[in-house]
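Under my numbering, the first residue of the sequence shown is numbered 4, with each subsequent residue one higher.
Even glycine gets a Cβ: it sits at the ideal position worked out from N, Cα and C.
Keep in mind the model is a prediction, meaning the values are calculated, not measured.
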Amino acid sequence: MTERSRHSTSRRTVLTTGAAVATAAVGGAALAACGGEQGGPTSGGGEQQPTAGGQPGQNLTSLSDVPVGGATAVTTPDGQDAVVSRPSANEVAAFSAICTHQGCKVDPQGAELRCPCHGSVFDAFTGEVRRGPADQPLPEINVRVDNGRIVTA
Ligand code: FES
């Protein structure tokens, strides 16, 4: 049941400027310089990704609806609760809004995602746990910016 938890710490934040958008669309190393864990070199076969966004190209919200330095709750076209955040004017990120503790829906508050059930707090820009009882990060949804819309990648 928790297979994905073993390698669920990879982080991808998609740059929205210039050529970086095209790079991000490939789903590759948009942030190669990020100090986090690098993805595995394998690219073929059915490797599981810690994503929760469904099909690529699904519209989540418009870029202007997400405050810089904050996050907005959205529902994906296939009905999943998600959160889209903007670490900076040129970056977007998205995560499942379902708390990894016991499945309540987290609530964006500034740069944090707070769970109303037992008080877990997640970083709105990385999905990492800031305060338990949750001990797993929120699953990331790969996103990119397309003509002012934030869509799944
Ligand atoms: S379900 Fe979120 S803290 Fe328990």
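**Report entry** Residues bridged to V146 (per DSSP)
**Finding:** T155
Report task. Please determine if the region 145-153 and the region 107-114 are in contact, where contact requires at least 3 C-beta pairs separated by less than 8 Å. Result -> No, they do not touch.
Report task. Just list the beta strand (DSSP E) runs in the region 100-151, keeping only unbroken ones of 3 residues or longer that don't cross its boundaries, in chain order. Result -> 110-112, 115-117, 124-126, 132-134, 146-149
Query raised in the report: According to the neighbour-count rule (16 or more other Cβ atoms, all chains shown, within 10 Å of its Cβ), is G130 buried or exposed?
Result: buried
Query raised in the report: Which whole-angstrom value describes the C-beta separation of S65 and R133, a residue pair presumed to lie in contact below a C-beta threshold of 8 Å?
Result: Incorrect: roughly 28 Å between the Cβ atoms, too far for contact.
Query raised in the report: In whole angstroms, what separates the C-alpha of P70 from that of A96?
Result: 12 Å
Requested in this report: With DSSP collapsed to three states, give me the class of D84.
Outcome: strand
Requested in this report: Taking L63 as part of the beta strand (DSSP E), name the residues at either end of that continuous run.
Outcome: Here the beta strand (DSSP E) through L63 covers 62-65.
Query raised in the report: In the DSSP assignment, what residue or residues form a beta bridge with V77?
Result: A85
Query raised in the report: Between T79 and Q139, what straight-line distance do the alpha-carbon atoms span, to the nearest angstrom?
Result: T79 and Q139: Cα-Cα distance of roughly 22 Å.
Query raised in the report: Exposed or buried, A127, counting other C-beta atoms within 10 Å across all chains shown (16 or more means buried)?
Result: buried
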